[in-house]
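Residue numbers (my numbering): 1 to 381.
Put into structure tokens, the structure is as follows:
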């Protein structure tokens with residue numbers, strides 16, 4: 001656990017789940033800048049109605065709850081991992097998990113009054129920010145203080161334009177430790193229709209998929225998924241199939257089409273991804289049930305239960321290239337697969353997944369490859 005030197009004293013914070021080799025902290029300089037700014041502002045008290053968007057593992061919520069006991073902010077985000085990290089970090093700092101009211105990105109609270117303060121960690125996804133600002137409109141007034149933070153290299157004019165268009169006049173601070181604050185003064189706007197979720201047609205598959213704002217490749221079919229779809233297997237012995245890191249569920253939907261006998265499970269740590277997958281599966285299989293689970297990789301899935309797992313793993317952790325999540329997915333897949341069960345993985349050729357899979361499973365077969373991608377298969381012996 002790392003120590004965050006907050007204006008209210010040292011606070012222990014850790015990412016979730018904790019990885020021994022993880023060099024990333026549970027906060028960054030943008031969080032520091034934001035917390036220090038808020039500590040200097042008058043008017044925040046335990047009775048303030050505070051909303052936090054996109055908190056990283058509770059860094060903002062834990063700090064504010066430490067500085068203002070009894071505050072009870074509402075925290076909304078699309079990451080199951082960040083929610084569990086918030087719970088963990090609250091407990092580690094002798095705060096009750098009930099001190100923060102956690103909501104998914106699709107389950108905003110019902111309030112009788114507006115928020116006094118809205119604190120936003122600007123997300124990597126511009127579309128997620130757009131969706132959140134649309135939803136935020138009904139919860140703020142001209143008196144609401146809206147302050148956001150981002151590392152300078154991830155903050156673009158397009159972010160500021162969204163604030164201006166959907167909320168009100170927007171300015172920025174000077175940069176400090178390569179971070180910057182964004183200040184927005186809500187104005188009186190006519191409500192603008194939220195464009196999310198969006199529908200994306202895929203003519204070659206005769207499908208239309210619905211994508212919430214934070215779903216990967218929500219506007220078109222990415223080339224890696226397209227390549228994987230061409231080679232998804234079909235076999236009567238696949239009775240239990242899991243789409244791991246499902247996104248909008250397209251891999252699992254096509255796997256279900258090719259394996260009509262299979263029971264399907266869709267898993268992702270994004271609330272919006274799992275909701276999109278559920279909508280898309282239901283639209284294509286009106287009389288077929290499936291399981292949908294928001295969790296960390298395969299946490300909560302029974303061991304020795306799956307015949308086939310299909311996986312297009314992420315290779316970014318926040319904004320850094322990392323294979324840690326993929327490696328965790330591979331380890332947990334081996335536990336969840338039955339003997340003879342198969343893990344099918346697609347990845348960029350340069351990531352070297354075949355080395356990790358062969359070390360873990362004792363075998364790894366290249367199904368097919370092209371200049372950019374490789375599809376690999378490992379079998380649990």
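Cβ coordinates follow ideal geometry from the N, Cα and C atoms, glycine included.
These numbers come from a predicted model, not from an experiment.
Asked, Found
"Cβ neighbour criterion (16 or more within 10 Å) applied to residue 313", "buried"
"Contact set for residue 53: own chain, Cβ-Cβ below 6 Å, skip 5 residues either direction", "76, 120, 132"
"Beta carbon of residue 39 nearer than 7 Å to that of residue 100", "no"
"Residue 67 (DSSP reduced to helix, strand or coil)", "helix"
"Residue 6 in three-state terms, based on DSSP", "strand"
"Local Cβ density within 10 Å of residue 371, reported as buried at 16 or more and exposed below that", "exposed"
"Local Cβ density within 10 Å of residue 375, reported as buried at 16 or more and exposed below that", "buried"
"Rounded distance between the beta-carbons of residue 306 and residue 338, thought under 8 Å", "7 Å"
"Boundaries (first-last residue) of the alpha helix (DSSP H) holding residue 331", "324-336"
"Straight-line gap, residue 396 to residue 329 (C-alpha atoms, nearest Å)", "Look at the range of the chain in this structure, 1 to 381, and you will see that residue 396 is not part of it."
"Of the residues 173, 333, 251, the one placed nearest residue 281, counting alpha carbons only", "251"
"Residue 365, DSSP secondary structure in three states", "strand"
"Cross-strand partners of residue 348 (DSSP beta bridge)", "373"
"Length of the line joining the Cα atoms of residue 266 and residue 42", "46 Å"
"7 Å Cβ cutoff met for residue 367 and residue 377", "yes"
"CA nearest to the CA of residue 225, picked from 214, 254, 240", "254"
"Member of 348, 345, 301, 271 whose CA lies at the smallest distance from the CA of residue 128", "271"
"Residues that residue 384 bridges to, as DSSP identifies them", "Past the boundaries of the shown model lies residue 384; the chain is included only from 1 to 381, so the question cannot be answered."
"Three-pair Cβ contact test at 8 Å for the stretch 84-92 versus the stretch 106-122", "no"
"Cα-Cα separation between residue 321 and residue 112, rounded to whole angstroms", "Low confidence applies to residue 321: its pLDDT is 49, below 50, so where it sits in the model is not reliable, and the reading given next is rough at best. Near 43 Å, if we compare the C-alpha coordinates of residue 112 and residue 321."
"6 Å Cβ shell around residue 274 - same chain, five flanking residues per side excluded", "268, 292, 294"
"7 Å Cβ shell around residue 237 - same chain, five flanking residues per side excluded", "307"
"Beta-carbon contacts of residue 144 that lie in its chain and below 8 Å, excluding the five residues immediately before and after", "114, 115, 116, 117, 118, 186"
"Whole-angstrom distance between residue 206 and residue 215, CA atom to CA atom", "20 Å"
"Euclidean distance between Cα positions of residue 183 and residue 153", "18 Å"
"Start-to-end residues for the alpha helix (DSSP H) that takes in residue 240", "No alpha helix (DSSP H) contains residue 240, which is instead part of the beta strand (DSSP E) from 240-244."
"Whole-angstrom distance between residue 242 and residue 264, CA atom to CA atom", "6 Å"
"Beta-bridge pairing of residue 178 - partner residues as DSSP gives them", "Bridge partners of residue 178: none, in fact."
"Given residue 26 as reference, the closest of 71, 65, 36, 81 once Cα atoms are compared", "81"
"Rounded separation between residue 333 and residue 323 - CA only", "15 Å"
"Proximal residues to residue 358 (C-beta, below 8 Å), its chain only, five neighbours per side dropped", "364, 378"
"Any non-hydrogen atom of the ligand NAP closer than 6 Å to residue 362 Cβ", "This structure does not include the ligand NAP; it has no bound ligands of any sort."
"Between the CA atoms of residue 200 and residue 208 - distance to the nearest angstrom", "6 Å"
"Under the three-state DSSP convention, the category residue 185 falls into", "strand"
"Candidates 104, 203, 212: closest to residue 125 by CA position", "212"
"When 92, 33, 13 are compared against residue 57, the one with the closest alpha-carbon", "13"
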